[in-house]
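For the sequence shown, my numbering gives the first residue as 296, with consecutive numbering after it. To keep things clear, I will list the structure first and then write my remarks on it.
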Amino acid sequence: MKLIYLLSAVLAIVGSARNSLAQGEAAQYSGELEVEAAAEAKQLVPKSDHIIELDRTVYHSVLKVHDMVLIEFYANWCAACHAMSSEFDAFAKAASKKYPNVAIARADITKVEYLSSSYMVSMLPELVFVRRPLPGATPEVRYVSANFTTSDLLDYIGGGWTVDKPVGGYTSLWCTPTNLCGHIGGLIGECVVILDKRFNRFDLPPWAFTAAFVSVLYLVGQVVIGLLSRVFRRRYRAHINQKFDDTIRGSASAPPTPKAESKSSGPSSAAKRAKSKTSKKD
Numbered sequence: 296m297k298l299i300y301l302l303s304a305v306l307a308i309v310g311s312a313r314n315s316l317a318q319g320e321a322a323q324y325s326g327e328l329e330v331e332a333a334a335e336a337k338q339l340v341p342k343s344d345h346i347i348e349l350d351r352t353v354y355h356s357v358l359k360v361h362d363m364v365l366i367e368f369y370a371n372w373c374a375a376c377h378a379m380s381s382e383f384d385a386f387a388k389a390a391s392k393k394y395p396n397v398a399i400a401r402a403d404i405t406k407v408e409y410l411s412s413s414y415m416v417s418m419l420p421e422l423v424f425v426r427r428p429l430p431g432a433t434p435e436v437r438y439v440s441a442n443f444t445t446s447d448l449l450d451y452i453g454g455g456w457t458v459d460k461p462v463g464g465y466t467s468l469w470c471t472p473t474n475l476c477g478h479i480g481g482l483i484g485e486c487v488v489i490l491d492k493r494f495n496r497f498d499l500p501p502w503a504f505t506a507a508f509v510s511v512l513y514l515v516g517q518v519v520i521g522l523l524s525r526v527f528r529r530r531y532r533a534h535i536n537q538k539f540d541d542t543i544r545g546s547a548s549a550p551p552t553p554k555a556e557s558k559s560s561g562p563s564s565a566a567k568r569a570k571s572k573t574s575k576k577d
C-alpha cells in the first residue's frame with residue numbers, strides 16, 4: 296500500500312515538472328515572438344498622415360486626381376530610407392500646408408515592384424516628381440536633383456523642378472524619338488495598371504497578369520482568324536468552282552460555228568496549169 300502511494304507521488308511530481316517545463320518553453324517562445332515582432336516594427340519605415348502610401352489601386356487614383364505628385368521609392372531593409380524618413384515626414388507636413396495641390400506619396404518597392412521598374416529606380420531612396428502640364432496630357436517624369444532637406448524639397452515642388460529635364464511621358468508626342476518611346480512606355484504602363492485593376496482577381500503581379508492576358512488574347516485571335524480563313528476559303532472555292540462549271544456548261548451548250556468556205560474569184564489552179572501546158576505546145 297505504501298508502495299502505491301509512493302508511486303502516485305512520484306508520478307504527480309513528474310507530471311508537475313513536465314507541466315512547468317512546457318509552460319516555460321511556451322513563455323520563452325512567446326517572448327521570442329514578441330522580440331521578433333518588435334524587431335520587425337523597428338525595421339519598418341514609419342508611416343505618416345501626410346504621406347500617401349501607394350499600392351496598385353491608389354497609384355492610379357492619385358495620378359488621376361493630382362496634377363503634381365512627388366513619390367519617394369523606399370524599402371524597409373534600406374538603412375538610408377530609415378535615416379531620412381524623419382526628414383521626409385517633416386517635408387511632407389510642411390508641403391501639405393504650403394502646397395496643398397501637390398500630393399506627397401511613398402512606394403515600397405517590395406510591394407509595387409512594377410512601379411520601381413517602370414520608373415527605372417536605381418537607388419534608394421529615390422525621389423520622382425510627376426507633373427501633368429495640361430489637363431488630360433501625359434504626365435512628365437523628373438528625377439529630383441534637389442538635396443534631401445525640407446527647405447530644398449519645398450523649393451523644388453514650388454517651381455525648382457524646371458532645372459530637371461523630363462525623362463518619361465511628354466507634352467509633345469513628336470519632339471524626339473526618345474520622347475516618343477517615353478510616351479509609348481507611359482501608355483503601356485497605364486494599360487497595365489488598368490488591366491490589373493479591372494481584371495486581376497488572382498493576386499498576380501501586374502506585368503505577369505498582363506502577359507497572361509495578352510497571351511490568351513493572342514491564342515483567341517489565332518483561333519478566330521483560323522476559323523474565318525476556313526469559312527472564306529470554302530466560299531472562295533465554291534465561287535471559283537461555280538464559275539468554272541458555268542463556263543464548261545456554256546461552251547458545251549453553244550452550237551458549233553460552221554467553217555467559212557473560201558471563195559475563189561478566178562480559175563482554179565488545175566485550169567491554170569492546163570492552160571499553161573497548151574500554150575507551150577503551141
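For glycine and all other residues, C-beta sits at the position ideal for the given N, C-alpha and C. Since this is a predicted model, take the numbers as computed values, not measurements.
CB of Y273 within 7 Å of CB of W502, strictly
Lying outside 296 to 577, the shown extent of the chain, residue 273 is not represented and no answer is given.
If you compare alpha carbons, which of T505, L499, F497 is closest to I489?
T505
How should W456 be labelled, buried or exposed, when 16 other C-beta atoms within 10 angstroms of its C-beta is the threshold for buried?
buried
Can you list, in chain order, the residues of its chain with a C-beta nearer than 7 Å to that of H377? Leave out the 5 residues immediately preceding and following it.
These residues qualify, in order along the chain: V340.
Short of 6 Å in beta carbon distance, which residues of its chain neighbour K460, apart from the five on each side in sequence? Order them along the chain.
none
Is the separation between the beta-carbon of A400 and that of I347 shorter than 7 Å?
yes
Can you have a look at E382 and say buried or exposed, based on whether 16 or more other CB atoms are within 10 angstroms of its CB?
Around the beta carbon of E382, a 10 Å sphere encloses fewer than 16 other beta carbons of the protein chains shown; the residue is thus reported as exposed.
For a quick check, are the C-beta atoms of E367 and P434 less than 7 Å apart?
no
Measure from the alpha carbon of M363 to the alpha carbon of each residue in R427, F508, R525, then state which is nearest.
Its Cα nearest to that of M363, the residue R427 stands out among R427, F508, R525.
Please classify F424 as buried or exposed, where buried requires at least 16 other C-beta atoms within 10 Å of its C-beta.
buried
Quick one: residues in its chain with C-beta nearer than 8 Å to the C-beta of A357, no 5 flanking neighbours on either side, listed in chain order?
Rather than Ala, the amino acid found at residue 357 in this sequence is Val. Same-chain partners within the cutoff: I347, L349, V364, A398, A400.
List the endpoints of the continuous beta strand (DSSP E) containing F383.
F383 -> not in any beta strand (DSSP E); alpha helix (DSSP H) instead, spanning 374-393.
Just curious, the beta strand (DSSP E) that D403 is in, first and last residue?
397-403
On a CA-only basis, which of S440, I520, Y369 is nearest D403? Give me that one, please.
Taking each of S440, I520, Y369 in turn and checking the Cα distance to D403, the smallest one comes out for Y369.
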